[in-house]
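This report concerns only the one structure given below.
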Amino acid sequence: MKGISDVFAEIKSFFSDLFLAVRNNTFTDFYQNRKKQIITIYFIIAGLVVIICLFFLISVFSKPKSEIEKILPPLENPLIMPNEPGINDSFQYYRNQRNEWTKEDAQRWFTPPDDSMILELEEANNAIISDILGVAP
Numbered sequence: 008m009k010g011i012s013d014v015f016a017e018i019k020s021f022f023s024d025l026f027l028a029v030r031n032n033t034f035t036d037f038y039q040n041r042k043k044q045i046i047t048i049y050f051i052i053a054g055l056v057v058i059i060c061l062f063f064l065i066s067v068f069s070k071p072k073s074e075i076e077k078i079l080p081p082l083e084n085p086l087i088m089p090n091e092p093g094i095n096d097s098f099q100y101y102r103n104q105r106n107e108w109t110k111e112d113a114q115r116w117f118t119p120p121d122d123s124m125i126l127e128l129e130e131a132n133n134a135i136i137s138d139i140l141g142v143a144p
């Protein structure tokens, strides 16, 4: 099998012989000596022409792409966020709502976390973090 340098040397030799044959008007001798190579070049050129013609014919005779109509429904009513599920209008709070807790509310409703609650929360957070980092590359 020929190496790349041998192939390039043959191509260089072919074109230098072709140039000399055209210059010295001895193309018939060149054709007789390099008949196989010339026929190969003819077939390569003919194949490229056929491929270019096929691409041209396909591009000319292919159906034009129809544009998809953009259908925008008319907005009859303004966009309003729906009510949250589970709470209907008849729901009544048992105490008045305020922006801040009073000290009495905090003493009554707030439970300060102990060490076991903090450890449980830390373990849950670490599990979430390890799930996220375990997927990362």
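Position in the sequence shown counted from 1, then plus 7, gives you the working numbering.
Ideal placement from N, C-alpha and C gives every residue a C-beta, glycine not left out.
Because the structure is a prediction, the values reported are computed rather than measured.
Anyone know if the C-beta pair for residue i and residue j falls short of 7 Å?
| i | j | result |
| --- | --- | --- |
| F37 | D24 | yes |
| F63 | Q44 | no |
request  = Identify every run of the beta strand (DSSP E) within the segment 72-131, keeping only runs that are complete inside it and at least 3 residues long; order them along the chain.
outcome  = none
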